[in-house]
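Asker: Taken in order, these protein sequences are the chains called S and X.
Take the first sequence: its position 12, counting from 1, is numbered 80 in my numbering, and each next residue is one higher.
Take the second sequence: its position 145, counting from 1, is numbered 213 in my numbering, and each next residue is one higher.
Number of protein chains: 2
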Amino acid sequence: MSDLTQQSSAAHAHSELALDLVRSAARLTRAASTISGVTYSSIAWRVLADIEREGATRVTDLAAAQRVAQPTMTTLVQRLEGEGWVDRVVDPADRRATLVGITARGVAALAAYRRGAANLITPKLAELDAADRAALARAAELMLSIANAV
Amino acid sequence: MSDLTQQSSAAHAHSELALDLVRSAARLTRAASTISGVTYSSIAWRVLADIEREGATRVTDLAAAQRVAQPTMTTLVQRLEGEGWVDRVVDPADRRATLVGITARGVAALAAYRRGAANLITPKLAELDAADRAALARAAELMLSIANAV
DNA sequence: AGAATTACATAGCATGGCTATGTAATTTCG
DNA sequence: CGAAATTACATAGCCATGCTATGTAATTCT
């Protein structure tokens, strides 16, 4: 096999893998949204988790991190505030901006979501061997970095 | 470390991995939805792909496969029909049922989506070493089977 | 034959998306 | 310094993706 053919085969294999990844990630995401009792989809939990990890954050930064438009994030933050999960204060450094922080109730709601998600997925992980779990752990890291890069 | 503590540690690690997986899958899914020119979200492409692979399929079967309610699927199929990507015929075996088949235009639209998705993700895969790509390939299989099992 | 179940369309509503626009605050530039 | 430009976010209007409830027709069960 010539170099050019090898490159074509590798590119084809990478494309196949790319599509497999996109597909299986979407399937898992949808399956994970069927957690019993959970009424918000994944973006709400991702936002709460990011705020928990990073501290109070501006609306536009939250929107950028989740790859959504600012009004989309404004609406979500308004709903989360309505649930008592986040609070909003004017950013003292720039009075145009709003800082969104997570409340104790938000931390509790996020923890409950995490328990539900773990309850749904963890038993399946327990059935796997250590090599497969290692592959998944590495893949989770890689998927994150790929998602952040595109 | 006693057996019980080991089990607790393993369960905890599995929970952490479960949450990491759910999170990174959701992030990748969202990132993949930012493909230039793509106006439908992932469920449309998954449905088209499933119909392409399985042949004409009933609305309820499509809904079950995607973990959504039947009316959700009815609405999506109506829209896909409006795009000329699927056609619908009465199932001769049961006149209550509708069989949804993919059209040539649907095949073309699905192919275009796949090209876009591959263009977005494949360059990132090319930057990885073979072990990482192998981990991702294995993880894609595992995520699919986990999604199908929960 | 009638009752129960199945298959899917419709209705109404909520969440998650978008672009466009308006208002206030901040920064830039002449 | 003041006006213009830019930034930050809320609001408006619309669509896609979700749900439950309900209606209609067809099939199955008793």
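Think of the CB as a built atom: it goes at the ideal place given N, C-alpha and C, for glycine as much as any other residue.
(1) Where Leu148 (chain S) and Ala112 (chain S) are concerned, what is the direct C-alpha to C-alpha distance, given to the nearest angstrom?
(2) Got a sec? Which residues, its chain only, sit under 7 angstroms from Leu193 (chain S) by beta carbon, not counting five neighbours each side?
(3) To the nearest angstrom, how far is the alpha carbon of Asp155 (chain S) from that of Gly169 (chain S)?
(4) Taking the alpha carbon of Ile189 (chain X) as the point to measure from, which residue in S:Thr73, S:Ser83, S:Ser76 and S:Ser77 has its own alpha carbon closest?
(5) Determine, for Ile170 (chain X), whether the minimum Cβ-Cβ distance to residues of chain S falls below 8 angstroms.
(6) Using the three-state DSSP reduction, which class does Gly123 (chain S) fall into: helix, strand or coil?
(7) Taking the continuous alpha helix (DSSP H) assigned at Gly68 (chain S), which residues delimit it?
(8) Please classify Arg114 (chain X): does DSSP put it in a helix, a strand, or coil?
(9) Mind reading off the beta-carbon distance from Met211 (chain X) to Ser213 (chain S)? Whole number of angstroms is fine, and I expect it under 8 angstroms.
(10) Is the separation between the beta-carbon of Leu89 (chain S) and that of Leu96 (chain X) shorter than 8 angstroms?
(11) Give, in chain order, every residue of the stretch 177-192 of chain S whose Cβ lies closer than 9 angstroms to some Cβ of chain X.
(12) Got a sec, what are the start and stop residues for the alpha helix (DSSP H) Val145 (chain S) sits in?
(13) Identify the residues that DSSP records as bridge partners of Asp155 (chain X): which are they?
(14) Looking at C-beta atoms only, is the number of pairs between the stretch 170-179 of chain X and the stretch 180-189 of chain S that lie closer than 8 angstroms three or more?
(15) Apart from the five residues on each side of it in sequence, which residues of its chain come closer than 8 angstroms, Cβ to Cβ, to Ala137 (chain S)?
(16) Considering only residues of the same chain and omitting the five flanking positions on each side of Thr171 (chain S), which have a CB-CB separation below 8 angstroms?
(17) With DSSP as the reference, label Pro160 (chain S) as helix, strand or coil.
(18) Please name the residue in X:Ala117, X:Gln74 and X:Val127 whose C-alpha comes closest to that of Asp162 (chain X).
(19) Give every residue of the same chain whose Cβ lies closer than 8 angstroms to the Cβ of Arg114 (chain S), excluding the five residues on either side of it in the sequence, and list them in chain order.
(20) Name the chain X residues that come within less than 7 angstroms of Ser76 (chain S), Cβ to Cβ?
Answerer: The relevant details are as follows:
(1) 8 angstroms
(2) Arg201
(3) 5 angstroms
(4) S:Ser83
(5) no
(6) coil
(7) The displayed coordinates of chain S run from 69 to 218. Any statement about residue 68 (chain S) would go beyond what the structure contains.
(8) helix
(9) Their Cβ separation, rounded to whole angstroms, is 17 angstroms, which puts Met211 (chain X) and Ser213 (chain S) out of contact at 8 angstroms.
(10) yes
(11) Arg182, Arg183, Ala185, Ala186, Asn187, Leu188, Ile189, Thr190, Pro191 and Lys192
(12) Gln138 to Gly150
(13) X:Gly169
(14) no
(15) Ala131
(16) Closer than 8 angstroms at the Cβ level, and outside the excluded window around Thr171 (chain S), lie Gly152, Trp153, Val154 and Asp155.
(17) coil
(18) X:Val127
(19) Gln134
(20) Taking a Cβ-Cβ cut-off of 7 angstroms, Ser76 (chain S) has no neighbours in chain X, whose nearest Cβ is about 13 angstroms from it.
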